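Residue numbers are given in the UniProt record's numbering: position 265 of the sequence shown equals residue 265, and the series is strictly consecutive.
All C-beta atoms, glycine included, are put in the ideal place defined by N, C-alpha and C.
Source: prediction; values computed, not measured.
Quick notes on the structure that follows.
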Amino acid sequence: MSEAVHTETHGFQTEVKQLLNLMAHSLYSNKEVFLRELVSNAADAADKLRFKALSNSELYENEGDLRVRLILDAENKTLTISDNGIGMTRDEVVEHLGTIAKSGTKSFFGELTGDQAKDSQLIGQFGVGFYSAFIVADKVTVLSRAAGQPADQGVQWESDGDGSFTVAEINKPGRGTDIILHLRDSEQEFLDDWRLRSIIGKYSDHISVAVEMWKQGEPEQTDEDGNVTAEATEGEWEQVNKATALWTRAKGDISDEEYQEFYKHISHDYQDALTWSHNKVEGNQEYTSLLYVPAKAPFDMYNREQSHGLKLYVQRVFVMDDAEQFMPTYLRFVKGVLDSNDLPLNVSREILQDNKITSQLRKACSKRVLSMLDKMAKNDDEQYLGFWNEFGNVLKEGPAEDYGNREQIAGLLRFASTHNDSDAQTVSLENYLERMKEGQDKIYYITADSYAAANHSPHLEIFRKKGIEVLLMWERVDEWLMSHLNEFKDKQFVSVTKGELDLGELDDEETKKAQEEANEALAPLLERVKTALSDDVKEVRLTHRLTNTPSCVVADEHDMSTQMIKLMRSAGQPVPEQKYILELNPEHTLVKKLDTLAEGDDFNEWSQLLLEQAQLAEQGGLKDPAAFVARMNRLLLN
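In structure tokens, the structure reads:
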């Protein structure tokens, strides 16, 4: 290798600087994971070359045996991880080793607290890969050349982990990448041959590429008389991992520890997976899937555009990362491998998009994940609620996206409800059905801006009086969920804030008769109020959903709900002006007082006040709060 020429200095992306600072200060208590990360990246580089060489065998450059090598240099205190995989061009080196190409990185680093225990969990979710080298090294040198490029197109990247790195052109005869770690004095344990072999055995047995280390030759052996009893042997490269793709092995031969290490290899997560499913299918289709559910959500989980999906292999040959065609967006947290015998080796993302086999595999993988979650929910309630707290809002996207599995997804949802005294989302729809009142044929729910707003809504008054459970929802996704979830086990969902209240058999005949009499007696009052508020309401009617509150507003049955309007406006979508229905409680003192007032300013003011009170409770704000305050003060002093 010739000396570096044309050296340039570049500044790291701000987020990389923050990350390197954390690495340099030994964020991880388990430092050996740096080797797992670097060997995993090297194996990926070999996989990518193997795939590209299917259409261009010259990329092998007459060297088809792919491998990763660990090279120890005790004298110079360096550990080198060398691969003969796909390699990188100069532009790729600058892009991949100088920036973190993940959306939301700025907000992610804003969450770091300085508490090593908490920060290490966050970093584990982030997946740091190459930068883990700085856990043990105070300087890192990378030598790389892309497969198929001439030797003089090599590139050298170097940094001591401060704010910058250098890039230079070099001559590199062999393709691939060498990562040279200049170890800190305190990290010399990673120059011990047996220490490294044990780490490789622990973390990298499942990697399908051979990981090699140098085995010293045996010296010449002689007897007491000086006669040679054994010739000296030369040293050689020795494979130190099993190099068998884990998913191709029988399930009974794989330990839980091996499954967990493979998960960390493919996900770059630093925590164990919550659960997994390993499945081999033979018949009309032949494929193997190994699917994992993580324990913690990554920081960018709620970015639906973020790349996700499975590692796709065809007949054991790696084809692509993040094959999103096999996993719906609402299951984007799932990690894993799919190995198909039916897809062509030259498959592309475009071909996958409209492929019949793809569609069948997607359905099968979705079913497998939902079955995993269903099993967890039935067998370990505490573990499932842990999953729900991490991924529940993502799963709520399911009924809109996956109509065929809508009922099964609904069974996995969890809610808060008036049955409990906290905002914990622990109530399943099965729980709700078991507690339904005799004669109840609907599932009642409310959406609001917060748990407090939902739990204290005046719309719940009659339901609490009659002991009817109502599901409480306040997440942004809930309104979207309920617009696509119409029923569960033949029981219709009904919003308590829309349409006219009809409790059916839950109302006795005496109550219904009293309601009819009130409607008849107060019909003139309703007409007067509607006249006073003609520009502001769609209709005025009596309600029996209220017990303590004088008034409320509801959306018409086919109009948009308040929460949907808020969602659309926050997304910058135009929303037509919508009038609400004002409902008055005939038993409330203020409504009775209103009925005694003659038409005029006082009547109009009281009518407007009852409307604004109801709007404030339902919508959380008013167009003109100052006018509301002035009106209320005038009436208080009247």
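Helix, strand or coil at residue i [DSSP, three-state]
{"i": "Gly11", "result": "strand"}
{"i": "Val540", "result": "strand"}
{"i": "Pro524", "result": "helix"}
{"i": "Leu447", "result": "A quick correction: the sequence has Thr, not Leu, at residue 447. Note: Thr447 maps to strand in three-state DSSP."}
{"i": "Ser120", "result": "With a pLDDT of 47 at Ser120, under the threshold of 50, the predicted position of this residue should be treated as unreliable, and no value is reported."}
{"i": "Arg195", "result": "helix"}
{"i": "Tyr302", "result": "coil"}
{"i": "Val427", "result": "strand"}
{"i": "Val136", "result": "coil"}
{"i": "Leu412", "result": "helix"}
{"i": "Phe326", "result": "helix"}
{"i": "Thr177", "result": "strand"}
{"i": "Thr229", "result": "strand"}
{"i": "Leu433", "result": "helix"}
{"i": "residue 639", "result": "Because the chain here runs from 1 to 638, residue 639 falls outside it and cannot be looked at."}
{"i": "Tyr203", "result": "helix"}
{"i": "Met560", "result": "coil"}
{"i": "Pro96", "result": "In the sequence as displayed, the identity of residue 96 is His instead of Pro. Looking at His96 - three-state DSSP - the assignment turns out to be helix."}
Pairwise C-alpha distance: residue j and residue i
{"i": "Leu312", "j": "Arg197", "result": "29 Å"}
{"i": "Glu577", "j": "Leu609", "result": "21 Å"}
{"i": "Leu485", "j": "Leu472", "result": "15 Å"}
{"i": "Ser186", "j": "Ala133", "result": "14 Å"}
{"i": "Phe463", "j": "Glu407", "result": "26 Å"}
{"i": "Glu220", "j": "Ala230", "result": "6 Å"}
{"i": "Gln619", "j": "Asp381", "result": "35 Å"}
{"i": "Val155", "j": "Ser255", "result": "41 Å"}
{"i": "Thr562", "j": "Glu257", "result": "50 Å"}
{"i": "Gly235", "j": "Asp223", "result": "23 Å"}
{"i": "Glu430", "j": "Asp536", "result": "41 Å"}
{"i": "Gly201", "j": "Arg368", "result": "30 Å"}
{"i": "residue 643", "j": "Ser307", "result": "With the chain covering 1 to 638 only, the question about residue 643 has no answer from this structure."}
{"i": "Arg145", "j": "Phe318", "result": "21 Å"}
{"i": "Ser551", "j": "Ala571", "result": "30 Å"}
{"i": "Val228", "j": "Gln216", "result": "19 Å"}
{"i": "residue 640", "j": "Asp269", "result": "Nothing about residue 640 can be read from this structure; the chain reaches only from 1 to 638."}
{"i": "Ala448", "j": "Lys623", "result": "18 Å"}
{"i": "Thr329", "j": "Glu583", "result": "41 Å"}
{"i": "Ala521", "j": "Asn405", "result": "50 Å"}
{"i": "Tyr350", "j": "Arg67", "result": "The question names Tyr, but residue 350 in the sequence shown is Glu. Looking at the two C-alpha atoms, the distance is approximately 31 Å."}
{"i": "Val591", "j": "Met327", "result": "56 Å"}
{"i": "His6", "j": "Thr166", "result": "10 Å"}
{"i": "Glu401", "j": "Arg414", "result": "18 Å"}
{"i": "Gly392", "j": "Phe262", "result": "25 Å"}
{"i": "Ala210", "j": "Gln239", "result": "6 Å"}
N-terminal and C-terminal residue of the beta strand (DSSP E) that residue i is part of
{"i": "Tyr451", "result": "Counting along the chain, Tyr451 falls outside any beta strand (DSSP E), though it belongs to the alpha helix (DSSP H) covering 451 to 455."}
{"i": "Tyr292", "result": "287 to 294"}
{"i": "Phe190", "result": "Taken as a continuous stretch (DSSP letters only), Phe190 belongs to no beta strand (DSSP E), as it is neither H nor E."}
{"i": "Val281", "result": "273 to 281"}
{"i": "Glu32", "result": "No beta strand (DSSP E) holds Glu32; DSSP gives it neither H nor E."}
{"i": "Leu338", "result": "335 to 340"}
{"i": "Leu54", "result": "Per DSSP, Leu54 belongs to no beta strand (DSSP E) and is neither H nor E."}
Residues that DSSP places opposite residue i in a beta bridge
{"i": "Trp157", "result": "Val142, Val167"}
{"i": "Leu72", "result": "Leu79"}
{"i": "Tyr580", "result": "Val537"}
{"i": "Gln492", "result": "Lys442, Glu487"}
{"i": "Gly369", "result": "In the sequence on display, residue 369 carries Val and not Gly. BP columns for Val369 are empty, so no partner."}
{"i": "Met213", "result": "Leu70, Glu238"}
{"i": "Val554", "result": "Ile581"}
{"i": "Thr222", "result": "Val228"}
{"i": "Met320", "result": "Leu312"}
Segment limits, alpha helix (DSSP H) that includes residue i
{"i": "Leu382", "result": "Correcting the residue identity first, residue 382 is Glu in this sequence and not Leu. That run of the alpha helix (DSSP H) goes 381 to 395."}
{"i": "His265", "result": "256 to 267"}
{"i": "Leu352", "result": "349 to 353"}
{"i": "Gln608", "result": "601 to 619"}
{"i": "Gly398", "result": "398 to 401"}
{"i": "Ile462", "result": "461 to 466"}
{"i": "Glu498", "result": "Before going further, note that residue 498 is Lys rather than Glu in the sequence given. It is not in any alpha helix (DSSP H) - Lys498 carries neither H nor E in the DSSP assignment."}
{"i": "Leu481", "result": "476 to 482"}
{"i": "Asp632", "result": "As written in the sequence, residue 632 is Met, which differs from the Asp given in the question. 625 to 637 is the extent of the alpha helix (DSSP H) around Met632."}
{"i": "Leu590", "result": "589 to 596"}
Distance cut-off 7 Å: residue i Cβ against heavy atoms of the ligand NAP
{"i": "Lys513", "result": "With respect to the ligand NAP, the structure offers nothing, as it holds no ligand at all."}
Segment contact flag, the region 175 to 183 with the region 137 to 144, C-beta cutoff 8 Å, min 3 pairs: Yes, the region 175 to 183 is in contact with the region 137 to 144.
Sufficient close CB pairs (3 or more, under 8 Å) joining the region 432 to 448 to the region 334 to 352: Taking a cut-off of 8 Å for Cβ pairs, the region 432 to 448 and the region 334 to 352 do not touch, as fewer than three such pairs fall below it.
Three Cβ pairs or more, each shorter than 8 Å: is that satisfied between the region 55 to 75 and the region 155 to 164? In this structure the region 55 to 75 does not touch the region 155 to 164; the number of beta carbon pairs closer than 8 Å is below three.
Counting Cβ pairs, one atom from each stretch, are 3 or more of them under 8 Å apart for the region 206 to 214 and the region 243 to 255? The region 206 to 214 vs the region 243 to 255: in contact.
Tell me whether the region 585 to 599 and the region 502 to 512 touch, counting them as touching only if at least three CB pairs, one residue from each stretch, are closer than 8 Å. No contact exists between the region 585 to 599 and the region 502 to 512.
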